[in-house]
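*Asks:* Sharing a structure with you now.
Numbering (the numbering used here), first residue to last: 32 to 306.
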């Protein structure tokens, strides 16, 4: 069934729930984008602080060529479960020390050297920070972090949003049912009265106004129209009755005239017959 042919109560329900759903979906999209941007910014800030701390601690090891100490410093990343791997590069771009998460194979590729800054990919974040010693850049620290925590938060946010969406739709439906009835019931009642008037030709029927708004004014105007039609119908009936009475009266007069004329003719004939 096409939308325009649906009952008005169902149309109002569809429009109300559809509008509510659209607003909630837009709100969810907006909050999701905000949460995504906020989490990414927070993640970059935390990882930058961590990289700067590690870089400052590893600067001396890099300067004096102490790979073991540099490796031990990078091993502190074990406490960061989202850090997949890290590499400390010297000023020539050669790997000086490496770190891989315990669940990775030993030949897992270390993050490559890139321009300083944060680099997001589909499932990872690569952060590159310069390592300085006495104001001079002596190398770079590259940290590769996965986005598992970010995806977990997004899933949790989506689940909470879906629950809020369902509850909001339910509350909207329950709250709008009464409001929809206030709007649609007078129109439905009016349509039912109009159908009865059309089928039964009973112009004494009246709709009941439940409010003084546009629907109430429509009911009042409809009742006024029925009043006028009923008055005209009554006037027409009275006119027809009066006309019928006049016709019957005139018919009786004509019959009386015919009877009298026949009697007169009979008397004339009898007089001529007696002569």
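Think of the CB as a built atom: it goes at the ideal place given N, C-alpha and C, for glycine as much as any other residue.
#1: Taking residue 238 as the reference, give the member of 217, 46 and 266 with the closest Cα.
#2: Pull up the CB-CB distance for residue 160 and residue 79, whole angstroms please, since I reckon it's below 8 Å.
#3: Could you give the DSSP three-state label for residue 234: helix, strand or coil?
#4: Since residue 131 is in the beta strand (DSSP E), which residue starts that stretch and which ends it?
#5: If you pair each beta-carbon of the segment 209-227 with each one of the segment 40-54, do three or more pairs fall below 8 Å?
#6: Specify whether the segment 180-200 and the segment 218-226 touch according to this definition: at least 3 beta carbon pairs, one from each stretch, less than 8 Å apart.
#7: To the nearest angstrom, how far is it from the Cα of residue 97 to the Cα of residue 179?
#8: If you follow the alpha helix (DSSP H) that residue 157 is part of, which residue opens it and which one closes it?
#9: Would the segment 166-176 count as touching the segment 105-123 if we require 3 or more Cβ pairs under 8 Å?
#10: With burial defined as no fewer than 16 other Cβ atoms inside 10 Å of the residue's Cβ, what is the status of residue 301: buried or exposed?
#11: Drop a sphere of 10 angstroms on the beta-carbon of residue 278, count the other beta-carbons inside from all chains shown, and report buried for 16 or more, exposed for fewer.
#12: Is residue 81 buried or exposed, if buried means 16 or more other CB atoms sit within 10 Å of its CB?
#13: Which term fits residue 86, buried or exposed, when burial requires 16 or more other beta carbons within 10 angstroms of its beta carbon?
#14: Write down the C-beta distance between residue 102 and residue 128 rounded to the nearest angstrom, noting that I regard them as a contact closer than 8 Å.
#15: Just verifying my parser: in three-state terms, what is the DSSP assignment at residue 264?
#16: Quick one: Cα of residue 39 to Cα of residue 249, how far?
#17: Using three-state DSSP, classify residue 113 as helix, strand or coil.
#18: By Cβ distance below 6 Å, which residues in the same chain neighbour residue 260 in space, the five residues on each side in sequence not counted?
#19: Considering only the beta carbon of each residue, do residue 51 and residue 200 sit closer than 8 Å?
*Replies:* In brief:
#1: 217
#2: 7 Å
#3: Residue 234 falls in the coil class under three-state DSSP.
#4: 126-131
#5: yes
#6: No: fewer than three Cβ pairs fall under 8 Å.
#7: Taking the straight line joining both Cα atoms gives about 33 Å.
#8: It is not in any alpha helix (DSSP H) - residue 157 instead sits in the beta strand (DSSP E) that spans 155-164.
#9: At 8 Å Cβ cutoff, the stretches touch.
#10: Taking a 10 Å sphere around the C-beta of residue 301, we find fewer than 16 other C-beta atoms and assign the residue as exposed.
#11: Result: exposed.
#12: buried
#13: buried
#14: 5 Å
#15: helix
#16: 16 Å
#17: Shown here, residue 113 sits in coil according to DSSP, grouped into three states, outside any helix or strand.
#18: 234
#19: yes
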